[in-house]
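Scroll down for the structure; my scribbles are underneath it.
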Amino acid sequence: MRQTILQGLVQAYNNLVHMIADFLPRFLVMLIIIVLGLLVAFVLKYILRIVLSLTKLDRVSEEAGASRILRIAHLPSITALLSRSIFWLTWFGFILIGLSVLGIASLQEQISRLLQFLPEVFVGILILFVGLMTANFLSRAVLLAAVNAGLRSAKILTWSIRFLIWILTISMTLEELGVARQTVISAFSIIFGALMFGLAIAFGLGGQDLARKALEKYLGNTNKERDKEPQPL
Amino acid sequence: MAEDTILADDLIRQLISVGEVDLIVGISSHNNATATSHAYHAIEQGFQQHFSRQRAVIVNVCGGNNGDRDASGSGLGDLAEKNVPSVNSLRTVHRVTADFSVPPSPGLALRTVLTAADLLRARACAIVSPGTTNLTPDRIANLLMPVFREKFDFVAPLYTRQKFQGLLTRNLLYPMSRALLCSGIRELYSDEWGFSGRLATACLNQDVWHEEPIRTRPEAWMAISAISSDFRCCQSFLGQKLQSATGPGPDIVEVFRQTVGNLFWCMDSRQSTWLDCKRSEPVQTFGPGQELTSVQTDLDAGRIFEMFRNGVAELGPILGSILDPETHAEINSIVACEENTFRFRSDLWVRTVYDFAASYHHAVINRDHLVQALIPLYRGMIFSFLMEHSHSSAAEIESANEKLCVEFERQKPYLTEKWQAKIEVKS
Chain A
8 MRQTILQGLV
18 QAYNNLVHMI
28 ADFLPRFLVM
38 LIIIVLGLLV
48 AFVLKYILRI
58 VLSLTKLDRV
68 SEEAGASRIL
78 RIAHLPSITA
88 LLSRSIFWLT
98 WFGFILIGLS
108 VLGIASLQEQ
118 ISRLLQFLPE
128 VFVGILILFV
138 GLMTANFLSR
148 AVLLAAVNAG
158 LRSAKILTWS
168 IRFLIWILTI
178 SMTLEELGVA
188 RQTVISAFSI
198 IFGALMFGLA
208 IAFGLGGQDL
218 ARKALEKYLG
228 NTNKERDKEP
238 QPL
Chain B
21 MAEDTILADD
31 LIRQLISVGE
41 VDLIVGISSH
51 NNATATSHAY
61 HAIEQGFQQH
71 FSRQRAVIVN
81 VCGGNNGDRD
91 ASGSGLGDLA
101 EKNVPSVNSL
111 RTVHRVTADF
121 SVPPSPGLAL
131 RTVLTAADLL
141 RARACAIVSP
151 GTTNLTPDRI
161 ANLLMPVFRE
171 KFDFVAPLYT
181 RQKFQGLLTR
191 NLLYPMSRAL
201 LCSGIRELYS
211 DEWGFSGRLA
221 TACLNQDVWH
231 EEPIRTRPEA
241 WMAISAISSD
251 FRCCQSFLGQ
261 KLQSATGPGP
271 DIVEVFRQTV
281 GNLFWCMDSR
291 QSTWLDCKRS
301 EPVQTFGPGQ
311 ELTSVQTDLD
321 AGRIFEMFRN
331 GVAELGPILG
341 SILDPETHAE
351 INSIVACEEN
361 TFRFRSDLWV
371 RTVYDFAASY
381 HHAVINRDHL
391 VQALIPLYRG
401 MIFSFLMEHS
411 HSSAAEIESA
421 NEKLCVEFER
431 QKPYLTEKWQ
441 AKIEVKS
């Protein structure tokens with residue numbers, strides 16, 4: 008009896024030692040990979056920041072109105088944002104690789120799924136950012152054109168453009184992420200189609216006179232309208 | 021001569037066959053054979069009456085149509101040359117047509133004329149517009165004579181104008197360019213001007229021809245190049261400018277892009293020229309100064325005011341990111357005024373324009389958008405001008421314009437300070 012207990016204890020001790028001996032090197036390898044990843048991420052961040060500074064991306068972002076959106080969202084400049092993103096993405100990637108070295112089967116499966124999903128997240132963020140930038144730029148261009156042409160409903164036009172681009176951007180982002188893909192596409196088609204159909208009916212039936220006047224004004228009396236302003240040069 | 025040329029081989033061959041000349045007049049014709057033919061006639065008359073002993077050539081830069089080519093002589097491929105002997109002239113007047121497959125931009129047309137002037141070692145050159153319906157031989161002579169006889173390098177035109185014509189020139193382009201460049205050239209943006217062969221070569225050698233502002237409106241850049249490089253500049257009175265009535269009138273947005281945007285671009289690319297310049301110098305003028313005439317106009321002042329008011333309200337956030345907070349607050353306060361009490365003070369207008377120029381330099385928003393955002397405020401300014409000067413005489417308007425110029429000069433340190441300040445982050 009005593010002998011059996013002792014054997015069990017020895018067995019358990021041996022197993023523990025074996026497990027530790029088996030786990031410790033892998034754990035150390037994981038730590039080395041994470042530390043190495045940290046260094047690589049720092050270097051990449053530094054290089055990207057220099058490259059982006061040389062290309063004057065901040066100025067382009069300022070001109071396109073993206074910087075304003077970032078400031079409103081209390082985010083840093085586009086250069087800082089991109090370089091930080093690359094730092095975290097790189098390091099996160101190394102951490103996942105390090106964790107996979109531990110050889111825990113269930114964890115490995117989750118990590119591999121996460122690694123497959125990462126590029127989609129990155130592309131999704133990129134689509135969202137470009138979409139917001141485009142919406143801001145185009146809506147401002149429409150606002151200026153409408154105001155300078157003397158249209159009274161400039162803001163409605165601007166917000167319509169902005170809203171449409173936002174819907175399109177969000178749908179594209181969700182589709183990229185694979186979130187309820189079919190539902191998103193259907194919802195977008197329904198919303199967009201309904202909006203256009205509604206506008207067509209509203210303008211065609213409710214605004215016949217307005218449409219005629221607008222077309223007459225645009226096609227027929229452009230010169231006359233311009234003549235009512237003094238010649239600038 | 022510039023090392024790389026934009027001239028086609030055939031054109032170079034024909035120019036060489038013309039040989040060295042004393043005078044070149046360049047025209048850029050667009051699908052209007054009658055106007056081009058009229059321009060040819062006026063230029064040749066000008067040569068015969070005023071430069072009968074000089075060797076002269078007319079360079080017509082056109083593209084994408086046959087009418088202009090026919091007007092210049094024969095339709096022989098890329099180039100047509102016609103030599104016109106006359107009774108009075110002792111020399112042959114050559115006609116050369118540089119024909120592009122598509123209508124060339126004003127920048128390309130000017131570059132072609134400059135390259136031809138450089139190649140033919142011309143002493144005096146002029147650019148005229150076939151769109152000007154009252155192009156006369158004297159007009160050509162007035163552009164060429166100061167260069168040929170008085171050794172000037174740049175000749176800007178001066179016109180007789182109606183009281184409410186050229187308000188952008190009078191309220192922004194002239195006073196601002198005078199304050200910045202210390203040179204009182206009134207008409208920086210005109211499609212008629214004269215220049216020396218020396219200036220042509222100097223401009224040709226600058227690496228700016230790919231820039232959009234030069235492509236669309238090169239004349240002000242040429243004037244600024246002349247002023248900043250100590251070339252001799254003057255103005256010459258040409259009388260009234262009558263434009264052919266074909267096509268729609270100028271679109272205000274396009275005019276702003278091509279003039280105000282161009283001036284801001286020139287400021288940005290030639291900072292060293294104007295930052296140190298302190299006080300403006302008068303420019304020698306041939307003929308009378310600018311003349312103003314009073315005629316009945318069909319201006320809708322109420323609509324202009326409405327567009328100003330609407331624009332300031334709608335563009336609030338955009339103006340907020342461009343203007344100094346104090347300037348923006350003042351503009352918001354005058355928007356509330358009634359039409360009959362509304363005044364856009366000159367000091368506020370100058371600060372507004374200078375804020376826009378500095379914001380253009382710092383690129384706080386897209387530069388094209390920034391220039392467009394100035395249009396509603398310009399409308400406010402011209403409404404104020406129309407109200408203030410509806411019954412003013414030419415002398416009173418001229419006096420008010422002089423005061424505005426002085427205000428632009430007085431506030432120049434404000435612009436310099438804003439220009440050199442580090443970009444301020446506004447949320």
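These protein sequence lines are chains A and B, in that order. The first sequence: position 140 = 147 (the numbering used here), numbered continuously. The second sequence: position 385 = 405 (the numbering used here), numbered continuously. C-beta atoms are modelled at their ideal positions from N, C-alpha and C, and glycine is treated no differently.
| request: Using beta-carbon positions only, say whether Thr152 of chain B and Glu212 of chain B come within less than 9 Å of one another. | output: Going by C-beta atoms, Thr152 of chain B is nearer than 9 Å to Glu212 of chain B.
| task | Just confirm the distance between the C-beta atoms of Gly83 of chain B and Asp30 of chain B, as a whole number of angstroms; I'd bet it's less than 8 Å. | result | Separation of the CB atoms of Gly83 of chain B and Asp30 of chain B is rounded to 15 Å, and the pair is thereby denied contact status at 8 Å.
| query | Anyone know if the C-beta pair for Asp138 of chain B and Cys253 of chain B falls short of 9 Å? | reply | At a Cβ-Cβ threshold of 9 Å, Asp138 of chain B and Cys253 of chain B do not count as neighbours.
| Shorter than 9 Å from the beta carbon of Gly138 of chain A to some beta carbon of chain B? | no
| message | With H, G and I counted as helix, E and B as strand and the rest as coil, what does DSSP make of Phe71 of chain B? | response | coil
| task | Pull up the CB-CB distance for Val133 of chain B and Val77 of chain B, whole angstroms please, since I reckon it's below 8 Å. | result | Not a contact, Cβ separation roughly 10 Å.
| message | Between which two residues does the alpha helix (DSSP H) holding Ala378 of chain B run? | response | Ser366 to His382
| request: Apply the 10 Å Cβ neighbour rule to Ser203 of chain A and answer buried if 16 or more other Cβ atoms are within range, or exposed otherwise. | output: The residue you asked about is not Ser; residue 203 of chain A is Met in the sequence shown. Classification of Met203 of chain A: exposed, given that the 10 Å Cβ count is below 16.
| said: Along the segment 330-342 of chain B, where does the CB come closer than 8 Å to a CB of chain A? Name the residues. | reply: Asn330, Gly331, Glu334, Leu335, Ile338 and Ser341
| field | Extent of the continuous alpha helix (DSSP H) to which Val332 of chain B belongs | value | Counting along the chain, the alpha helix (DSSP H) containing Val332 of chain B begins and ends at Ala321 to Glu334.
| Going by Cα to Cα distance, which pick from B:Thr117, B:Asp375, B:Gln69 and B:Thr305 is closest to Leu35 of chain B? | B:Thr117
| Leu106 of chain A to Met37 of chain A span [Cα, whole Å] | Leu106 of chain A and Met37 of chain A have their C-alpha atoms roughly 6 Å apart.
| query | Are the CB atoms of Ala199 of chain B and Ala142 of chain B nearer to each other than 9 Å? | reply | no
| query | How about the segment 157-170 of chain B and the segment 52-69 of chain B: do they share at least three Cβ pairs that are nearer than 8 Å? | reply | Verdict: yes, contact present.
| task | Would you mind stating whether Leu128 of chain B and Glu239 of chain B have Cβ atoms separated by less than 9 Å? | result | No, they are not a contact pair.
| Phe306 of chain B (DSSP reduced to helix, strand or coil) | strand
| Interface positions of the segment 65-87 of chain B facing chain A (Cβ-Cβ less than 8 Å), listed along the chain | none
| request: Ignore the nearest five residues each way along the sequence and tell me which others in Leu335 of chain B's own chain have a CB closer than 7 Å to its CB. | output: Ala393 and Pro396
| request: Pull up the distance between the alpha-carbon of Ala152 of chain A and that of Ala144 of chain B, whole angstroms please. | output: 42 Å
| query | Can you name, in chain order, every residue of its own chain whose Cβ lies under 6 Å from the Cβ of Ile402 of chain B, other than the five neighbours on each side? | reply | Correct list, in chain order: Leu187.
| Inter-residue spacing [alpha-carbon to alpha-carbon] between Ser193 of chain A and Ile132 of chain A | 22 Å
| query | Measuring CB to CB, does Glu359 of chain B end up less than 9 Å from Gly157 of chain A? | reply | 9 Å or more divides the Cβ of Glu359 of chain B from the Cβ of Gly157 of chain A.
| task | Kindly indicate if chain B contains any beta-carbon less than 9 Å away from that of Leu240 of chain A. | result | Yes, Leu240 of chain A counts as interfacial toward chain B.
| the segment 154-171 of chain A touching the segment 112-129 of chain A, judged by at least three CB pairs closer than 8 Å | no
| Any beta-carbon of chain B closer than 9 Å to the one on Arg188 of chain A? | no
| query | For a contact meaning CB atoms closer than 8 Å, what does Thr279 of chain B contact in chain A? | reply | Pro239 and Leu240, listed in chain order.
| Whose Cβ in chain B lies nearer than 8 Å to the Cβ of Phe7 of chain A? | Nothing in the structure corresponds to residue 7 of chain A, since chain A is present only between 8 and 240.
| query | Is Arg56 of chain A close to chain B, meaning its C-beta is less than 9 Å from at least one C-beta of that chain? | reply | False, the Cβ-Cβ gap to chain B never drops below 9 Å.
| query | Are there 16 or more other CB atoms within 10 angstroms of the CB of Leu193 of chain B, so buried, or fewer, so exposed? | reply | Counting every other CB atom within 10 Å of its CB across the protein chains shown gives Leu193 of chain B a total of 16 or more, marking it as buried.
| Opposite Gln255 of chain B in the DSSP bridges: which residues? | B:Ala176 and B:Thr305
| request: With 7 Å as the C-beta to C-beta threshold (strictly closer), list the residues of the segment 178-192 of chain B near chain A in chain order. | output: Phe184, Gln185, Gly186, Leu187, Leu188 and Thr189
| query | In chain order, what residues of the segment 39-68 of chain A put their CB closer than 8 Å to some CB of chain B? | reply | Arg66
| Contact set between Ala281 of chain A and chain B, taken where Cβ atoms lie within less than 7 Å | Residue 281 of chain A falls outside the range modelled here, since chain A spans only 8 to 240, and no answer is possible.
| task | Can you say whether Met26 of chain A is buried or exposed, counting buried as having 16 or more other CB atoms within 10 angstroms of its CB? | result | exposed
| request: Take Asn421 of chain B and list the residues in its own chain whose beta-carbon comes closer than 6 Å to its own, dropping the five residues that flank it on each side. | output: Arg190
| message | Cutting at 8 Å between CB atoms, please list the residues of its own chain near Leu150 of chain A, excluding the five before and the five after it. | response | Ala161, Lys162, Leu164 and Thr165
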